[in-house]
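Participant: Its first residue numbered 1369, the sequence shown is counted upward by one per residue in our numbering.
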Amino acid sequence: MTLIAYLLTLLLATSATHARSTNQTISWFPCPPSASINTTTDGGVPLTCGSLTVPLDYTKPNSTQTLQLQLTKITATKQPSKGSIILQPGGPGAPGAQVFEEGPAETALLLSGGSYDIVAFNPRGTGQTLPFSCFASDEERQTAALLTPVSIGGSDVALGQVWAAKETVAQLCLENSNGVGELIGTAFTARDM
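(1) Nearest-angstrom Cα distance between Asn1430 and Val1422?
(2) How many Å lie between Gly1482 and Ile1394 at the Cα?
(3) How do the segment 1488–1498 and the segment 1509–1517 stand: do at least 3 beta-carbon pairs fall below 8 angstroms, yes or no?
(4) Whose C-beta lies closer than 6 angstroms to the C-beta of Ser1389 among residues of the same chain, with five residues either side of it excluded?
(5) My assumption, with CB atoms under 8 angstroms, is that Gln1436 sits in contact with Cys1417. Please give the rounded CB distance.
(6) Does DSSP put Leu1455 in a helix, in a strand, or in coil?
(7) Per DSSP, which one or two residues make a beta bridge with Asp1506?
(8) List the DSSP bridge partners of Ile1394.
(9) Would you mind working out which of Lys1441, Asp1425 and Tyr1426 sits nearest Leu1415, comparing C-alpha positions?
(10) Taking only the alpha-carbon atoms, compute the straight-line gap between Arg1492 and Pro1400 and give it to the nearest angstrom.
(11) Does the distance from the C-beta atom of Ser1419 to that of Ile1453 stay below 8 angstroms?
(12) Leaving out the 5 sequence neighbours to the left and right, which residues in its chain are closer than 8 angstroms to Phe1503 when beta-carbon positions are compared?
(13) Per the DSSP calculation, Gln1438 is bridged to which residue(s)?
(14) Could you say which of Tyr1426, Tyr1484 and Ile1486 lies nearest to Ile1552 if we only look at CA atoms?
(15) With 16 as the cutoff for other CB atoms within 10 Å, does Gly1464 come out buried or exposed?
(16) Does DSSP put Val1525 in a helix, a strand or coil?
(17) Comparing alpha-carbon positions, which option in Leu1455, Leu1477 and Val1487 lies nearest Lys1446?
Printed below as a string of structure tokens:
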């Protein structure tokens, strides 16, 4: 498929799925206590939880397969809320709720004057949203970390060593993806947002 054909397919998929996913109302509820998410921020601000249904694969506009994104929110202190600010911690591999543990969410709430809800979600491949690991075990992950050069240094072979190590990890990712690897990445995360 040519790049232009791919981009056209993506554009059409976006139009179809956007219409399909924007007519939802999110029901918010107090976050239940669990080991994977706090019920308050580090500053003690209460969090609420919800979920949003999004297309599983944006490149297949006719597919009815969906994915539930788990959302976490700090409610605006001034009501009615003027809208939502979505925070995504980046990564790769960082769960969205992490922003509530490290302070950026409370900072965003303060900077918005308390007029906006602050919302985060676990991007694909993190938390329980299409869980994904390139490694079959913790031992395999540790071995890969030990064998990966830390820096390219000044050696004329260092770049090749880094490239070879990363190629091995990429191959492991492909082998261990269970078919979800192609549904994870920046483009899908941006669409989910």
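Beta carbons are placed, not taken as given, at the ideal position from N, Cα and C, and that holds for glycine. Only a predicted model underlies this, so the values are computations on that prediction, with no experimental measurement involved.
Facilitator: According to the data block:
(1) Residue numbering aside, residue 1430 sits at position 62 when the sequence shown is read from its first letter. Residue numbering aside, residue 1422 sits at position 54 when the sequence shown is read from its first letter. Their Cα atoms are separated by approximately 13 angstroms.
(2) Position 114 of the sequence shown, counted from the first residue, corresponds to residue 1482. Position 26 of the sequence shown, counted from the first residue, corresponds to residue 1394. Taking the straight line joining both Cα atoms gives about 20 angstroms.
(3) no
(4) Here residue 1389 refers to the residue found at position 21 when the sequence shown is read from its first residue. Bear in mind that a pLDDT of 48 at Ser1389, under 50, signals an unreliable position, so the number given afterwards is only what the model happens to contain. Correct list, in chain order: Val1422.
(5) Sequence index remark: in the sequence shown, residue 1436 carries index 68 (1-based). Sequence index remark: in the sequence shown, residue 1417 carries index 49 (1-based). Going by Cβ atoms, the distance from Gln1436 to Cys1417 rounds to 12 angstroms, so no, they are not a contact pair.
(6) Working through the sequence shown from its first residue, we reach residue 1455 at position 87. Of the three classes helix, strand and coil, the one that applies to Leu1455 here is strand, per DSSP.
(7) Taking the sequence shown and counting its residues from 1, one reaches residue 1506 at position 138. The partner list for Asp1506 (beta bridge, DSSP) is empty, contrary to what the question assumes.
(8) Looking up residue 1394 in the sequence shown gives position 26. BP columns for Ile1394 are empty, so no partner.
(9) Within the sequence shown, the letter at position 47 stands for residue 1415. Comparing Cα positions, the closest option is Lys1441.
(10) To locate residue 1492, count along the sequence shown from 1; it is residue 124. To locate residue 1400, count along the sequence shown from 1; it is residue 32. Straight-line Cα distance between these residues: approximately 21 angstroms.
(11) Here residue 1419 refers to the residue found at position 51 of the sequence shown. Here residue 1453 refers to the residue found at position 85 of the sequence shown. Their beta carbons are not under 8 angstroms apart, which means Ser1419 does not touch Ile1453 by this criterion.
(12) Looking up residue 1503 in the sequence shown gives position 135. Arg1509, Ala1512, Leu1540 and Asn1544, listed in sequence order.
(13) Translated into positions along the sequence shown, residue 1438 becomes position 70. Bridge partners of Gln1438: Ser1419.
(14) Taking the sequence shown and counting its residues from 1, one reaches residue 1552 at position 184. Nearest C-alpha to Ile1552: Tyr1426.
(15) Residue mapping note: residue 1464 aligns to position 96 of the sequence shown, counting from 1. Flag for Gly1464 reads buried.
(16) Taking the first residue of the sequence shown as position 1, residue 1525 is located at position 157. Correct three-state label for Val1525: coil.
(17) The count along the sequence shown starts at 1 and reaches residue 1446 at position 78. Cα-wise, what sits closest to Lys1446 is Leu1477.
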